[in-house]
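Number of protein chains: 2
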Amino acid sequence: VGQWPRADHRIADLGLAVAYLSEDQFFPGWTILVLKRHATELFQLEPDERARLIEAVASVARGLADAFEAVKMNYELLGNQIPHIHWHIVPRLGSDPAPRAPAWVVQHAPRPLAAAELEARLGRIRECLRA
Amino acid sequence: VGQWPRADHRIADLGLAVAYLSEDQFFPGWTILVLKRHATELFQLEPDERARLIEAVASVARGLADAFEAVKMNYELLGNQIPHIHWHIVPRLGSDPAPRAPAWVVQHAPRPLAAAELEARLGRIRECLRA
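For the record, the sequence lines run as chains C and G.
Just so we're aligned, residue 455 is where the first sequence starts under the working numbering, counting upward by one.
Just so we're aligned, residue 455 is where the second sequence starts under the working numbering, counting upward by one.
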């Protein structure tokens, strides 16, 4: 999937998928988990792939929940713009501006991270993934 | 999870989860798959439960894609309002009013089904689930 997500936002390789921090960090920790092989729908995968993929999703979600002390995690596989399996894994924090709503409805200016912030955040998430 | 989703909108029992048609059918086929036992996050499940749950999600999604000739399926586990594992499984059709956007951002008046429409839709989905 080329230039998106950004290579310098790569968090970790999860085997059959790769996790990247979203460039827009308005929701702190918003992560995208991209399947390495091309498929558009869950039902196009083999059962074993689905099992390994949901293990990767759960593992990333647990790491993010720890890293950001999330109140709730959101897990979304949409593909309306890019029909390639990728998950949006979004920690919802105590400071969330709309805790009862899907993140998508919260209009906001994108919040990219400066280089030092980005490195610190990637490092913190990687630590929590290893724990 | 009590009165929600509505018992008369029940589609099928998938073993560890139950599928219900959403009361609001503005997006035709919007389905909610509710885990029977209580848990709030994917990473609270055992790996075997996660595997069986994602099999149920994929099975319902395949049935809905067939029943509604979906262009794309959306799969979402949020729990921001009801922190109990339930999936929104949403067929996105050729007639979609905002095909590139998450369904949540599409403001609309709720579209409940009349009794005969409801029975026809439940029947059609059950047929596709069995196929």
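A virtual CB, placed ideally from N, CA and C, is assigned to each residue, including glycine.
As the structure is a computational prediction, the values presented were derived from the model and not from experiment.
I'd like to know whether the C-beta atoms of residue i and residue j end up nearer to each other than 9 Å.
i        : j        : result
C/Phe522 : C/Leu487 : no
G/Arg565 : G/Gln479 : yes
C/Leu499 : C/Leu507 : yes
G/Val472 : G/Lys490 : yes
C/Trp484 : C/Pro545 : yes
C/Val511 : G/Leu470 : no
C/Leu576 : C/His463 : yes
C/Arg580 : C/Ala461 : no
G/Glu509 : C/Arg504 : yes
G/Trp458 : G/Ile536 : yes
Helix, strand or coil for residue i per DSSP?
i        : result
C/Ile543 : strand
G/Ile579 : helix
G/Glu573 : helix
C/Ala471 : strand
C/Ile465 : strand
G/Val514 : helix
G/Val488 : strand
C/Glu523 : coil
G/Glu503 : helix
G/Glu530 : strand
C/Leu567 : coil
C/Arg460 : coil
G/Arg584 : helix
G/Ala557 : helix
G/Glu509 : helix
C/Phe497 : helix
Between the alpha carbons of residue i and residue j, how many angstroms are there, rounded?
i        : j        : result
C/Ala493 : G/Asn528 : 14 Å
C/His538 : G/Ala568 : 36 Å
G/Lys526 : C/Asn534 : 7 Å
C/Ala574 : C/Leu475 : 12 Å
C/Pro482 : C/Leu572 : 11 Å
G/His562 : C/Ala570 : 43 Å
C/Asp520 : C/Cys582 : 6 Å
G/Leu468 : G/Arg516 : 13 Å
C/Glu594 : G/Trp558 : This structure cannot speak to residue 594 of chain C, because chain C is shown only from 455 to 585.
C/Val560 : G/Val560 : 13 Å
On the CB-based measure, 16 or more other CB atoms within 10 Å of its CB, does residue i come out buried or exposed?
i        : result
C/Asp550 : buried
C/Pro501 : exposed
C/Pro553 : exposed
G/Ala524 : buried
C/Arg584 : exposed
G/His540 : buried
Could you work out which residues of chain C lie near residue i, taking near to mean beta carbons separated by less than 8 Å?
i        : result
G/Glu530 : Asn528, Tyr529, Glu530, Leu531, Leu532, Pro556
G/Pro501 : Ala505, Glu509
Which residues in chain C sit within 9 Å of residue i, going by Cβ to Cβ distance?
i        : result
G/Val559 : Pro556, Trp558, Val559
How would you list, in chain order, the residues of chain C whose beta-carbon sits under 7 Å from the beta-carbon of residue i?
i        : result
G/Ala515 : Glu495, Leu496, Phe497
Taking C-beta pairs closer than 7 Å, name the residues in chain G that residue i reaches, listed in chain order.
i        : result
C/Val511 : Leu496
Under 8 Å between beta-carbons, which chain G residues line up against residue i? List them in chain order, please.
i        : result
C/Gln535 : Arg554
C/Arg546 : Asn534
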